[in-house]
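Respectively, the protein sequence lines represent chains R and X. Residue 353 is where the first sequence starts when you use the working numbering, and the numbers rise one by one after that. Residue 92 is where the second sequence starts when you use the working numbering, and the numbers rise one by one after that. We put the CB at the ideal spot given by N, CA and C, even for glycine. All values reported here derive from a predicted model rather than from experimental measurement. A short worksheet on the structure shown next.
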Amino acid sequence: MLCSLYMALLRAPTEITLGDSQRIFYLHIPLAWLGMLSIIILAIFSITYLITRDIKWDNLAYSTAELGFVLITLVLVTGIIWSKAEWTVWWTWDPKLTTTVILWFIYLSYIMSRKYGPSDLRGASYGAVLGIIGAIDVPMIYLAANWWSSAHPELNIGPLSDQSSSVNSEMMMTLWISLIAYTMLYIIILNEKYVLRKGTNLLDETYNKIF
Amino acid sequence: MRLITKYFRSLIIVLGVLSFIYGGILSINHIEANGIDVIDETSLVIDAQEADDKFVKKSDELPYLFSAFFITWVVLFVYIFIIARNRKEIETELYTLKNSLEDRDNE
């Protein structure tokens with residue numbers, strides 16, 4: 353993480369048209385990647401839960417959803433800050449921004465349905481279905497700039513990107529280091545959250561058995 | 092193992108805060124000392140006036156850059172702190188419950 357911050361703030365060259373605000377991307381892109389990855393993992397855990405009915409998968413799904421919600425919130429915040437710096441507006445209804453807001457609402461609805469919905473196994477099943485449906489939003493976010501007219505550039509990295517597009521090699525290396533560092537942090541936080549969720553459930557079960 | 096996990100978490104938090112402060116200070120010093128550090132793949136020639144304009148633009152954007160990193164790290168630290176605190180509470184409660192159940196069984 354130290355290396356990632358050093359690369360992003362000091363080492364990476366400044367982009368000629370965007371200036372220093374472009375450095376926000378070394379934070380914004382990893383957060384967006386993890387926010388979208390979370391809903392895919394959530395869908396996988398949800399499917400596994402529906403098949404096996406093992407509460408472990410539901411605990412993992414809930415932990416992923418909560419972390420995903422935090423990350424997508426940060427994606428929107430960092431995006432808004434960058435938008436103000438470069439586009440001079442806080443918000444615009446760009447397709448990529450709109451589909452990301454939809455993902456934010458999907459996470460929010462998942463968490464609210466789990467908190468205020470049925471607390472038994474029915475609640476877990478409802479949440480699982482919502483998580484699976486929510487994952488449909490990910491390809492829409494990823495390809496929004498290609499499908500619709502958008503202020504965002506078309507894909508520069510990834511398997512579906514335009515291979516002829518050139519990104520400075522040092523910028524690319526900084527981006528990859530950031531992606532790896534934030535992904536490692538994500539794994540640690542997810543593990544901590546899962547242990548907490550498991551402990552809470554264990555405590556509830558124990559109290560239910562005693563009283 | 093629990094001890095390692097505990098100190099590992101604290102270490103990550105301390106390193107994160109230090110690196111953030113260090114990065115911020117160095118970033119400002121670097122810009123003040125070196126001025127423009129621009130790479131353009133299509134044109135590597137930038138005249139002095141353009142470079143000055145860019146430097147002004149970069150300086151204007153620093154608060155935005157700082158805000159984005161600051162908000163993100165504050166939110167992440169608060170989230171990690173809440174998880175760690177809740178986990179400690181749950182562990183304490185489970186330990187107390189286990190002891191009281193053992194006492195009841197002994198009686």
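Item: Taking 8 Å as the CB-CB cut-off, is Phe160 (chain X) touching chain R?; Value: yes
Item: Just to confirm the assignment: which complete alpha helix (DSSP H) runs, minimum length 4, are found wholly within the segment 384-442 of chain R?; Value: 407-438
Item: Please report the Cβ distance between Leu527 (chain R) and Tyr378 (chain R), rounded to the nearest whole angstrom; I am assuming they are in contact, meaning their Cβ atoms lie under 8 Å.; Value: 6 Å
Item: Distance, Cα to Cα, Glu438 (chain R) vs Pro365 (chain R)?; Value: 18 Å
Item: Who pairs with Thr558 (chain R) in a beta bridge, going by DSSP?; Value: In DSSP, Thr558 (chain R) forms no bridge with anything.
Item: Go ahead and pull the three-state DSSP assignment for Thr163 (chain X).; Value: helix
Item: Could you give the DSSP three-state label for Thr369 (chain R): helix, strand or coil?; Value: coil
Item: Contact criterion: CB-CB distance below 8 Å. Does Tyr186 (chain X) meet it with respect to chain R?; Value: no
Item: Give me the Cβ distance between Tyr401 (chain R) and Ala496 (chain R), rounded to the nearest whole Å; I'm assuming they're in contact under 8 Å.; Value: Wrong, their Cβ atoms sit about 29 Å apart, outside the cutoff.
Item: Could you check what DSSP says for Val453 (chain R) in three-state terms: helix, strand or coil?; Value: helix
Item: Can you list, in chain order, the residues of its chain whose CB lies under 7 Å from that of Leu423 (chain R), leaving out five sequence neighbours each side?; Value: Leu383, Leu386, Gly387, Ser390
Item: Hey, Ile458 (chain R) and Gly431 (chain R): beta-carbon distance below 8 Å or not?; Value: no
Item: Check for me: the alpha helix (DSSP H) holding Asp489 (chain R) runs from which residue to which?; Value: 489-499
Item: Would DSSP call Asp446 (chain R) helix, strand or coil?; Value: coil
Item: Within 10 angstroms of the Cβ of Leu409 (chain R), are there 16 or more other Cβ atoms? Answer buried if so, exposed if not.; Value: The amino acid occupying residue 409 (chain R) in the given sequence is Trp; Leu does not appear at that position. So Trp409 (chain R) ends up on the buried side.
Item: If I measure Cβ to Cβ from Lys489 (chain R) and keep anything under 8 Å in the same chain, skipping five residues before and after, which residues do I get?; Value: What sits at residue 489 (chain R) in the sequence shown is Asp, not Lys. Excluding sequence neighbours, Asp489 (chain R) sits near Ile391, Thr451, Ile454, Leu455, Ile458.
Item: Just how far apart, CA to CA, sit Leu370 (chain R) and Glu152 (chain X)?; Value: 9 Å
Item: Helix, strand or coil, according to DSSP, for Asp151 (chain X) in the structure here?; Value: helix
Item: Going along chain R, which residues have a C-beta under 7 Å from Asn86 (chain X)?; Value: Beyond the ends of chain X as shown, which are 92 and 198, falls residue 86 (chain X); an answer cannot be given.
Item: Below 8 Å between beta carbons: does that hold for Ala417 (chain R) and Tyr462 (chain R)?; Value: yes
Item: So, at 6 Å on beta carbons, what are the nonlocal neighbours of Trp500 (chain R) in its own chain, with the 5 sequence-adjacent residues on each side left out?; Value: Pro447
Item: Kindly list the residues whose CB is nearer than 8 Å to the CB of Gly483 (chain R), restricted to its own chain and excluding five residues on each side of it in sequence; keep chain order.; Value: Ile391, Leu394, Ala395, Phe397, Ser398, Ala413, Ala417, Tyr462
Item: Apart from the five residues on each side of it in sequence, which residues of its chain come closer than 8 Å, Cβ to Cβ, to Leu185 (chain X)?; Value: none
Item: So, is Met525 (chain R) buried or exposed, given that buried needs 16 or more other C-beta atoms within 10 angstroms?; Value: exposed
Item: Check whether the Cβ atoms of Val429 (chain R) and Ile162 (chain X) sit closer than 8 Å, and answer yes or no.; Value: yes
Item: Check Met536 (chain R) in the structure and name its three-state DSSP category.; Value: helix
Item: Let me check understanding here. Comparing Cα to Cα, which of R:Ser521, R:Ala480, R:Arg405, R:Asn553 lies closest to Arg363 (chain R)?; Value: R:Ser521
Item: When you compare each of R:Ser415, R:Ile433, R:Val519 to Phe160 (chain X) by their alpha carbons, which one comes out closest?; Value: R:Ile433
Item: Could you list which residues in chain X have their beta carbon closer than 8 Å to that of Lys436 (chain R), in chain order?; Value: Tyr155
Item: Within 8 Å of any Cβ in chain R, is that where the Cβ of Val166 (chain X) sits?; Value: yes
Item: So that I know if they touch, is there some Cβ in chain R lying closer than 8 Å to that of Thr163 (chain X)?; Value: yes
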